[in-house]
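Here the sequence shown is numbered in the numbering used here, starting from 29 and rising by one per residue. For glycine and all other residues, C-beta sits at the position ideal for the given N, C-alpha and C.
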Amino acid sequence: MNFVDYLANIRKTLSLAALSGLIVSSTLHEEQRSVSGGFIREIIQFLDGSELHFREFVETTLPEPRLMYAYHYQDAMRQLIFRYDNAAHKPALAQLEL
């Protein structure tokens, strides 16, 4: 699979969800960096006013193509419902960790 195919899968899934009436609007931003990799950013607004914000940096030649990801879901009042990401969540220490 290449980056264009990966994007096509995302677009197909979003189209099916939009046809079901669940999605009010969506904004997809993509940056292809190579044949097999790139950056995707999406904001999806649902019928109830909630939003899903997601970002992925993918390299489709790898067994796990998502090198970086963040999925942030919030309600209509912009209160966090959940967030998943693979960022390092602890600050770097001044001394060497053992």
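Residue i vs residue j beta-carbon contact at 8 Å
i, j, result
"Ile51", "Phe74", "yes"
"Ser64", "Asn30", "yes"
"Ser54", "Ile68", "no"
"Tyr97", "Glu84", "yes"
"Pro93", "Tyr34", "yes"
Cross-strand partners of residue i (DSSP beta bridge)
i, result
"Asp113", "Ala98"
"Val86", "Gly66, Arg94"
Residue i (DSSP reduced to helix, strand or coil)
i, result
"Val52", "strand"
"Leu44", "helix"
(Q) Just to confirm the assignment: which complete beta strand (DSSP E) runs, minimum length 3, are found wholly within the region 53-82? (A) 65-74
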